[in-house]
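Worksheet: the structure to be examined is printed underneath.
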Amino acid sequence: TSTFSEYTVAHAGCVAKINPEAPLDKVCVLSCGASTGMGAALNVAKPKKGSTVAVFGLGAVGLGAAEGARIAGASRIIGVDLNSERFEKAKLFGVTEFINPLDHAKPVQEVIAEKTDGGVDYSIECTGNVKAMIQAFESCHDGWGVAVLVGVPHSDAVFQTSPLNFLTERTLKGTFYGNYKPRSDLPGLVKMYLAK
Numbered sequence: 001t002s003t004f005s006e007y008t009v010a011h012a013g014c015v016a017k018i019n020p021e022a023p024l025d026k027v028c029v030l031s032c033g034a035s036t037g038m039g040a041a042l043n044v045a046k047p048k049k050g051s052t053v054a055v056f057g058l059g060a061v062g063l064g065a066a067e068g069a070r071i072a073g074a075s076r077i078i079g080v081d082l083n084s085e086r087f088e089k090a091k092l093f094g095v096t097e098f099i100n101p102l103d104h105a106k107p108v109q110e111v112i113a114e115k116t117d118g119g120v121d122y123s124i125e126c127t128g129n130v131k132a133m134i135q136a137f138e139s140c141h142d143g144w145g146v147a148v149l150v151g152v153p154h155s156d157a158v159f160q161t162s163p164l165n166f167l168t169e170r171t172l173k174g175t176f177y178g179n180y181k182p183r184s185d186l187p188g189l190v191k192m193y194l195a196k
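Quick note on numbering: the UniProt record's numbering labels position 121 of the sequence shown as 121, and the sequence is numbered without any gaps.
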C-alpha cells in the first residue's frame with residue numbers, strides 16, 4: 001500500500017480498510033515513509049527501554065524510526081544527518097542528540113563510539129546511501145549492537161566492512177515497509193494515530 005485515493009482499481013489482497021473517521025491528509029504518511037521507519041524500530045530493531053539508538057537520515061522514514069525508538073523507550077536517540085536544518089523538527093520525534101558528519105574530521109562511527117562508550121545499542125539507516133549503511137553498522141556496540149538497513153541503495157552499490165564486525169557479535173538486519181503487513185497492520189497504525 002503506497003497510495004491513498006478515493007477511487008482506484010486494485011486486487012483485494014492489496015487493499016486495507018481503515019477507519020473512515022481518519023483524516024486522509026494526515027494518515028496518508030502511513031502508506032510508506034513514517035510507518036516504514038516506525039516499523040524498522042518497533043518490529044525489527046526492537047530497542048529496549050533505556051537503550052541508545054542512532055538514526056541515520058532524518059527525512060520522513062528517519063523521523064518515523066525516531067518516533068518508534070521513542071515509543072519503545074530509548075533513552076538516547078542520536079540523529080545523524082548531513083542537513084543540520086532537520087535537527088529542530090527531529091526533536092518533536094524524540095531525537096535527543098544530533099551529529100552532522102560534515103562537522104567532524106573523523107568518521108561518524110568513531111564520533112558515535114566516543115559519545116556512547118563504544119557504540120549504540122541499535123542503529124537504523126534510512127538514507128539508502130551505502131556509506132551511511134556501513135557507518136550505521138559500524139556504529140553499533142560490539143557484543144550486542146543491532147543495525148537495521150531501511151534505505152534502498154543503488155543496485156550497483158557494494159556494502160563492505162571487516163568480517164571482524166560480525167565476529168564481535170554485531171547484527172545486521174534489513175526490512176521492507178518496517179516488517180508491517182499492510183492489510184492487517186495498517187488499520188492498527190491508523191487507530192494508534194487517532195488515539196494520539
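Glycine included, each C-beta is placed from N, C-alpha and C at the ideal position.
Just so it is clear, the structure is predicted and the values come from calculations on it, not from any experiment.
Sub-7 angstroms separation of Gly-73 and Lys-49 beta-carbons: The answer is yes: Cβ separation under 7 angstroms.
Alpha-carbon spacing of Lys-173 relative to Val-148, whole angstroms: Cα-Cα distance, rounded: 5 angstroms.
Nearest candidate by alpha-carbon position, reference Ser-162, set Val-152, Tyr-177, Asp-142, Ser-155: Ser-162 has its Cα closest to that of Asp-142, out of Val-152, Tyr-177, Asp-142, Ser-155.
Distance between Val-95 and Arg-70 (C-alpha atoms, nearest Å): CA-CA distance, Arg-70 to Val-95, rounds to 8 angstroms.
Backbone CA spacing between Val-120 and Pro-20 [nearest angstrom]: Roughly 40 angstroms between the two C-alpha positions.
Minimum length 4: unbroken alpha helix (DSSP H) runs contained in the region 57-81: As summarised for the region 57-81, the continuous alpha helix (DSSP H) elements at least 4 residues long and confined to that stretch are 60-72, given in chain order.
Start-end ranges of the alpha helix (DSSP H) lying completely within the region 72-158, minimum 4 residues: Complete alpha helix (DSSP H) runs here, min 4: 87-91, 108-115, 130-138.
Pair within 7 angstroms by beta-carbon distance, Lys-105 and Gly-64: Lys is not the amino acid found at residue 105; the sequence shown has Ala there. No, they are not a contact pair.
The region 4-23 touching the region 36-52, judged by at least three CB pairs closer than 8 angstroms: With a cut-off of 8 angstroms, the region 36-52 and the region 4-23 do not count as touching, because too few Cβ pairs lie within range.
Backbone secondary structure at Thr-52 - three-state DSSP: When DSSP states are grouped into helix, strand and coil, Thr-52 belongs to the strand group.
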